[in-house]
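The next block holds one structure in the form of structure tokens; read it before the comments.
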Amino acid sequence: MNTVGHSRYAVRMAADSLRAEIIKLATLPTFRLTVLGTWAAAVALGVAFASAAIHGQTGTTSALDVGLDPVDQTLAGFIILGIAAATSEYNGGQIRTSLVSVPRRMQLQASKVIALVLVTVPVAICDVIFGVGAARGVLGRFADLSDLSRAAQAVAGAVAYLTLTALISFAIATVMRRTLPAVATLLSYYFIVGPVVRDYTALSIYLPDTAGRSMWFPGYSGTDGALNVMQGSAVVVLWTLVAMTIAMMSFRCRDA
Amino acid sequence: MNAIRSELHKLASLPSVWAAIAVGLLVAPVVAYLSSSTTLSAIQAGTDSGPASIDSGFQELAFGVVGAIILGVVAVSSEYVAEGEEATGTRQIITSLTAAPSRARLLIAKAGAVALAVASLAMATSVITLTVTRGLLGEASVPLTADTAGRVAGVVVYWVLTALLASGITLFTRSGIVPLAVLILNTSVITVTYLLTRVTALANYLPDMAGLRMFIRELDSPVKIAPLNGGAVMFAWILFVLVAGAIVFQRRDA
Amino acid sequence: MIAIEHVSKRRGSAQILSDVSFTARPGRVTGFLGPNGAGKSSTLRILLGLDRAQEGTALVCGKPFAELPRPLMTVGAVLDGSGAHRSRTGRAHLRWVAASNGLPRSRIDEVVDVVGLGDAARKRVGTYSLGMGRRLALAAALLGDPDVLVLDEPVNGLDPEGIRWIRTFLKERAASGRTVLLSSHLMGELAETVDDVVVINHGRIASRGTLAEVTGRHRTLEDAFFALTSGQSTVGTEGEAL
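For the record, the sequence lines run as chains A, B and C. Numbered by the working numbering, the letters in the first sequence go through residues 792 to 1047 in order. Numbered by the working numbering, the letters in the second sequence go through residues 617 to 870 in order. Numbered by the working numbering, the letters in the third sequence go through residues 9 to 250 in order.
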């Protein structure tokens, strides 16, 4: 085969392994349930936050600001999605079937990552929109959806943050290989350790969870010492790349 | 007694349990160190007139409960975990049920083992955390009273009941993911249950909100519940979950 | 055609395989025989690229496994258990395996028929018996209609009907010109199925040759095996003893 034929063949093989990974995610019950549960939580929390806003409990009645609050909690769903995508290979000995079907480990890992992104982004978009929509629904005439460009930027930032966090979780779970320890570690970090440390160290702005806030949290970027949107995004992307590299190296060298 | 001892052995053999113990021992003291240092510098800089909050040390122990949660979940989920490899029916639950005289006894022994382990953990962490806080704050810390001992008891009860709640939920779900996710999220700085208290006063009677009253004095809520009442409410919740879980466990195929 | 040459593997301080060499030829069923822990699975894992050897080469149709462009069309592997996630259905599992190598979905129905999985294919793998899981693993291995079949303890968990079925199936496959390599520690069953035998013990090849050569003057393959691996050969064998 000439070089054009070779590269066309390589592209087809890459597409094949990518398709297989997407089928794996789509047919994994844990994955499906987590997606549905996350969406449900987004709606429920959107309603809850909006009710609190009406009673004057939150500082704002902007449907956007209130509707984005659920992102903080639904982040947990995306962490679990990333973990499930990685650890499901170690159930029933599936990793051996996967490695026999696609023996080049880099290709296999890359397919998994791309598949995860392709599936997670739409889930994240729905997650954010459901939350904002639910808040808008409850706030009704109180809603204040003025600035559309700010809304678009915040939604895009939230979707990016949720997806990158899913990727970081995927990478860490690839190294840990077991679901519960990965869930315990990542959720404890993002929900307990991270937020607490945030209040006490200035350096925390370089940690993925705090830096990520500037990507979507209304009014966060630009407050004292916090990074702005571009800086925050860069930090989170950097963390994602570091985690991915470590995961790739681990996957490549270890016995199946 | 034998059954509880064998359940304790099982717990001791799980690496996840030791990790949970490490987490439980570390989180509260480390956070207490950070917050007390900050308070101390603020007092020394003159921006805070002191004395420290009555809840210093105890607020951090409310975060530390995450170790108890992990322990409670793993104690049950480890029976069902078949992760890593093959064969269809070799989950530990089968061995456990064969060895135990009855399912009810197995559960009681397991609950007993979890309670004992977490109570010890809670005692140790409370002592460490309060020592750290009082050590750092020195004169600025709130004087020790008989109430303090009562509050430490409250911490221990809170941790034990939370661990049992985690075990109880895992009896239903078998997989540890959902109970871990729900309970860890609920231990964070702003919890879902706390947000619910903003929406309805009834949320103050949820297990964690009520249980916190046992040792937290300055809870930001208009609804006042006495410590013992809070403990009783939490106890009732956990009893309900455990009994429901036991019934499901009794009836289900292994 | 499988060619394994001078493969050695160490794990920590243990020497798992030492200078393992043998071939599995097309048109024949080759049996890889040895007690538990002898190194059969380790050798097969190295062949399939799951583990790395420190020395030696393991080639399938002249290439290392990782360099095969669409591996499932050349090699089908049946390893431990079902090789499938417990929560998926059998069909969902076969779907992704087929997709990974660009195989048509019509193959799924065909292999489900061949292995006799039937309606169970629509149920979750976690509900399968040991035998059904093995059938699913075989179905996945057959999706690409490969020239080479590698099976690790294939009769493990099968009922008598299944054992007879797989024996016939493997012999037919070899008769049609394909290569079959299977490992086992059950000598009686192996003797009914194979044409060539490779005996491994403590990570070293003890003998290799045709079934007749390795059995030699012993009454059964089992006798020959114990003689070879205990080092006390009271009756000679004609296979290469090393």
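The beta carbon of each residue, even a glycine, is placed where N, CA and C say it ideally should be. Just so we're clear, the structure is a prediction, and the values are computed from it rather than from any experiment.
Given G47 of chain C as reference, the closest of C:D203, C:H193, C:R225 once Cα atoms are compared:
C:H193
Out of C:A149, C:A85, C:L178, point me to the one whose CA is closest to R115 of chain C's CA.
C:A149
Can you find a CB in chain A that lies within less than 7 Å of the CB of F73 of chain C?
yes
Identify whether S192 of chain C lies in helix, strand or coil by the three-state DSSP scheme.
strand
Taking the alpha-carbon positions, what's the I870 of chain A to Q885 of chain A distance?
22 Å
Quick check on the DSSP output: what are the complete beta strand (DSSP E) runs of length 3 or more inside the region 693-738 of chain B, in order along the chain?
none
Tell me the residue span of the alpha helix (DSSP H) that contains L625 of chain B.
Note that residue 625 of chain B is His in the sequence shown here, rather than Leu. Its alpha helix (DSSP H) spans residues 618-628.
So, is the C-beta of L1048 of chain A closer than 7 Å to a C-beta in chain B?
Nothing about residue 1048 of chain A can be read from this structure; chain A reaches only from 792 to 1047.
Output the boundary residues of the beta strand (DSSP E) element that contains N845 of chain B.
No beta strand (DSSP E) contains N845 of chain B, which is instead part of the alpha helix (DSSP H) from 843-867.
Would you say V105 of chain C lies against chain F (beta-carbon separation less than 7 Å)?
In the displayed structure, chain F is absent; the protein chains listed are A, B and C.
Buried or exposed: where does R19 of chain C fall if 16 or more other Cβ atoms within 10 Å of its Cβ makes it buried?
exposed
T223 of chain C lies in the beta strand (DSSP E); which residues open and close that run?
It is not in any beta strand (DSSP E) - T223 of chain C instead sits in the alpha helix (DSSP H) that spans 219-223.
Using DSSP with H/G/I as helix, E/B as strand and the rest coil, what is Q944 of chain A?
helix
Can you list, in chain order, the residues of its chain with a C-beta nearer than 6 Å to that of G705 of chain B? Leave out the 5 residues immediately preceding and following it.
Annotation note: pLDDT 48 at G705 of chain B (below 50); position unreliable, coordinate value reported separately. Around G705 of chain B: no qualifying Cβ.
is_contact[G705 of chain B, chain A] using C-beta, thresh 7 Å
With a pLDDT of 48 at G705 of chain B, under the threshold of 50, the predicted position of this residue should be treated as unreliable, though the coordinate-derived value follows. It does not; no Cβ of chain A falls within 7 Å.
CB of S979 of chain A within 7 Å of CB of I874 of chain A, strictly:
no
Kindly indicate which three-state DSSP category L159 of chain C falls into: helix, strand or coil?
strand
List the whole-angstrom C-beta distance separating Q898 of chain A from A805 of chain A, where the pair is believed to meet the contact cut-off of C-beta under 8 Å.
7 Å
Take I670 of chain B and list the residues in its own chain whose beta-carbon comes closer than 7 Å to its own, dropping the five residues that flank it on each side.
V758, R833, E834
How many angstroms separate the CA atom of I785 of chain B from the CA atom of G868 of chain A?
18 Å
Is the number of C-beta pairs between the region 855-862 of chain B and the region 178-196 of chain C that are closer than 8 Å three or more?
no
Three-way DSSP call (helix, strand, coil) for G883 of chain A in this model:
coil
Assuming E834 of chain B is part of the beta strand (DSSP E), what are its boundary residues?
Run containing E834 of chain B: none; DSSP gives neither H nor E here.
Would you kindly report the start and end of the unbroken beta strand (DSSP E) that includes E13 of chain C?
10-19
Quick one: which chain B residues come within Cβ less than 7 Å of T1031 of chain A?
Under the 7 Å cutoff, chain B gives no residues; its nearest Cβ is about 22 Å from T1031 of chain A.
If you draw a straight line from the C-alpha of L955 of chain A to the C-alpha of L909 of chain A, how long is it?
12 Å
According to DSSP, is W104 of chain C part of a helix, a strand, or is it coil?
helix
Using CA atoms only, rank isn't needed, just tell me which of B:V798, B:L630, B:I709 is closest to Y696 of chain B.
B:I709
Is it buried or exposed, S798 of chain A, if we count other Cβ atoms within 10 angstroms and call 16 or more buried?
exposed
Going along chain A in order, which residues have a C-beta closer than 7 Å to the C-beta of A797 of chain B?
A867, I871, V974, L978
Between the Cα of V891 of chain A and the Cα atoms of C:L87, C:A100, C:L125, which residue gives the shortest distance?
C:L87
For V798 of chain B, which residues in the same chain have their Cβ closer than 8 Å to its Cβ, ignoring the five residues on either side in sequence?
I785
C-beta neighbour in chain B for D1046 of chain A, strict 7 Å:
no
Report yes or no: do the region 672-683 of chain B and the region 643-659 of chain B share at least 3 C-beta pairs separated by less than 8 Å?
yes
If I follow the unbroken alpha helix (DSSP H) through T51 of chain C, where does it start and stop?
48-55
Taking the alpha carbon of L236 of chain C as the point to measure from, which residue in C:N209, C:T187, C:V202 has its own alpha carbon closest?
C:N209
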